[in-house]
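2 protein chains.
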Amino acid sequence: MAFRLASNRLLRIAVPTTRFASDKAAPWRLGRLNHVAVAVPDLQKATAFYRDVLGANVSDAVPLPEHGVTTVFVELDNTKIELLYPLGEKSPIAGFLKNKPDGGMHHICMEVDDIQAAVESVRAANVRTLGAEPKIGAHGKPVMFLHPKDCDGVLVELEQA
Amino acid sequence: MAFRLASNRLLRIAVPTTRFASDKAAPWRLGRLNHVAVAVPDLQKATAFYRDVLGANVSDAVPLPEHGVTTVFVELDNTKIELLYPLGEKSPIAGFLKNKPDGGMHHICMEVDDIQAAVESVRAANVRTLGAEPKIGAHGKPVMFLHPKDCDGVLVELEQA
Chain B
1 MAFRLASNRL
11 LRIAVPTTRF
21 ASDKAAPWRL
31 GRLNHVAVAV
41 PDLQKATAFY
51 RDVLGANVSD
61 AVPLPEHGVT
71 TVFVELDNTK
81 IELLYPLGEK
91 SPIAGFLKNK
101 PDGGMHHICM
111 EVDDIQAAVE
121 SVRAANVRTL
131 GAEPKIGAHG
141 KPVMFLHPKD
151 CDGVLVELEQ
161 A
Chain S
162 MAFRLASNRL
172 LRIAVPTTRF
182 ASDKAAPWRL
192 GRLNHVAVAV
202 PDLQKATAFY
212 RDVLGANVSD
222 AVPLPEHGVT
232 TVFVELDNTK
242 IELLYPLGEK
252 SPIAGFLKNK
262 PDGGMHHICM
272 EVDDIQAAVE
282 SVRAANVRTL
292 GAEPKIGAHG
302 KPVMFLHPKD
312 CDGVLVELEQ
322 A
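Written out as structure tokens, the structure is:
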């Protein structure tokens, strides 16, 4: 099934005049942009920028030791910006901030209605995933990251909606 | 007025226990995330990724010579991803792609209901703007970019809603 799906999807790549994807046969669907994640070197300063300069509602800082980050959620009308600050010695964003001391956009997270089917599908299209199986992400839902080299330099997170 | 607003906003920075911004007195309001912009080195390949691998609806490629880019709009349920590809000799994203040949996240665009008031306000908070006055952006509406060094390494575009 996965292979047949992959073939259908790859077939559409070969038809550049197709404007809209016909996903009626797809067993999963892409949904909302759940969040944009921004790695920041100073969480208080970054929180103040969004809260006090831009006037957004922001959450308290939420330590997520199992993910190696402390997060502040910035609420926009239709989605969230998540500020990520390193927590612990093996934080996954420590290296990012070493390369970009000012901070920067770290990843985007898009929702899917079936993470397993989505993972099978992207792999069949030769998009590499980071890890063998979906793991429980920062929101308590299964997530999978896709390799930036296969996504136009963007670290893409897919999250079960 | 602008100065008093700035004082109020800066005052809130000094009160870290404030969880939510009180923007009742603010003459402008932050709204939706309009789009995430991704600079890509291969527009057809990037379009195929979002359309054929992820199953998103995508627009035709739209050349915007006055902005030095060709754009493809990727529709998510709640916002857009905009794929940017250099157009012309003075494209503003050519340098970005030289530094990041795989592509990458270029900027985020958030909507405001009063671009002039927003610009006065962020400047009063010592956030630098790129340019003296708002210009007409890719959607035909006034926009202003904020300096990444003042926004946690993120190039932020504010757009009149």
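Which chain is which? The protein sequence lines are B and S, in order. In this text, residue positions in the first sequence follow the numbering used here: the first is 1, and each later residue adds one. In this text, residue positions in the second sequence follow the numbering used here: the first is 162, and each later residue adds one. Even glycine gets a Cβ: it sits at the ideal position worked out from N, Cα and C.
Beta-carbon contacts of residue i that lie in its chain and below 7 Å, excluding the five residues immediately before and after
{"i": "B:Ser22", "result": "The predicted model places B:Ser22 with a pLDDT of 46, which falls under 50 and marks its position as unreliable; any figure quoted below should be read in that light. So the list is empty, once near-sequence residues are dropped."}
{"i": "B:Pro63", "result": "Thr70 and Leu87"}
{"i": "B:Lys141", "result": "Glu159 and Gln160"}
{"i": "S:Lys251", "result": "Gly229"}
{"i": "B:Leu155", "result": "His106, His107, Phe145 and Pro148"}
{"i": "B:Leu83", "result": "Val38, Val40, Leu43, Ala46, Thr47, Thr71, Val72 and Val74"}
{"i": "S:Asp275", "result": "Pro188 and Trp189"}
Residue i to residue j span [Cα, whole Å]
{"i": "B:Lys24", "j": "S:Ile242", "result": "Below a pLDDT of 50, predicted positions are generally treated as unreliable, and B:Lys24, at 45, falls in that range; the measurement from the model is reported next regardless. Taking the straight line from one Cα to the other gives about 22 Å."}
{"i": "B:Glu120", "j": "B:Met144", "result": "11 Å"}
{"i": "S:Arg284", "j": "S:Met266", "result": "25 Å"}
{"i": "S:Asp213", "j": "S:Val219", "result": "10 Å"}
{"i": "S:Asp263", "j": "B:Leu54", "result": "31 Å"}
{"i": "S:Lys296", "j": "S:Pro253", "result": "15 Å"}
{"i": "B:Pro65", "j": "B:Gln116", "result": "26 Å"}
{"i": "S:Phe210", "j": "B:Gly153", "result": "12 Å"}
{"i": "B:Glu133", "j": "B:Leu146", "result": "12 Å"}
{"i": "S:Asn239", "j": "B:Leu130", "result": "26 Å"}
{"i": "S:Lys259", "j": "B:Ala61", "result": "36 Å"}
{"i": "B:Ala163", "j": "B:Val127", "result": "Nothing can be reported for residue 163 of chain B: it is not among the residues displayed for chain B, which extend from 1 to 161."}
{"i": "B:Gly95", "j": "B:Tyr85", "result": "12 Å"}
Cβ shell of residue i (< 8 Å), same chain only, five flanking positions each side left out
{"i": "S:Val273", "result": "Trp189, Arg190, Leu191, Gly192, Ala279, Leu319, Glu320, Gln321 and Ala322"}
{"i": "S:Leu237", "result": "Ala217"}
{"i": "B:Lys100", "result": "Ala39"}
Own chain, CB closer than 6 Å to residue i, minus 5 neighbours either side, in chain order
{"i": "B:Asn34", "result": "Cys109, Glu111 and Glu159"}
{"i": "S:Cys312", "result": "none"}
{"i": "S:Val197", "result": "Ile242 and Ile269"}
Does the segment 63 to 72 of chain B come close enough to the segment 37 to 47 of chain B that 3 or more CB-CB pairs lie under 8 Å? yes
Can you give, in chain order, each stretch of the beta strand (DSSP E) that sits fully within the segment 256 to 321 of chain S and has at least 3 residues? 265 to 273, 290 to 297, 303 to 307 and 317 to 321
Below 9 Å between beta carbons is the criterion; list the residues of the segment 294 to 313 of chain S that meet it against any residue of chain B, in chain order. Pro309, Lys310, Asp311, Cys312 and Asp313
What residues in the segment 48 to 65 of chain B have a beta carbon less than 8 Å from any beta carbon of chain S? The residues in question are Ala48, Phe49, Arg51, Asp52, Val53, Leu54, Gly55, Ala56, Asn57, Val58, Ser59 and Asp60.
Residues from the segment 246 to 261 of chain S in contact with chain B, defined by Cβ distance under 8 Å: Lys261
The segment 68 to 84 of chain B: positions lying closer than 7 Å to chain S by Cβ: Answer set for the segment 68 to 84 of chain B: Leu76, Asp77, Asn78 and Thr79.
Using a Cβ cut-off of 9 Å, which residues of the segment 261 to 278 of chain S contact any Cβ in chain B, in chain order? Lys261, Pro262, Asp263, Gly264, Gly265, Met266, His267, His268, Ile269, Met271, Glu272 and Val273
Quick one, which residues of the segment 188 to 208 of chain S are near chain B if we go by CB-CB under 7 Å, in chain order? Arg190, Leu191, Gly192, Arg193, Leu194, Val197, Val199, Val201, Gln205 and Ala207
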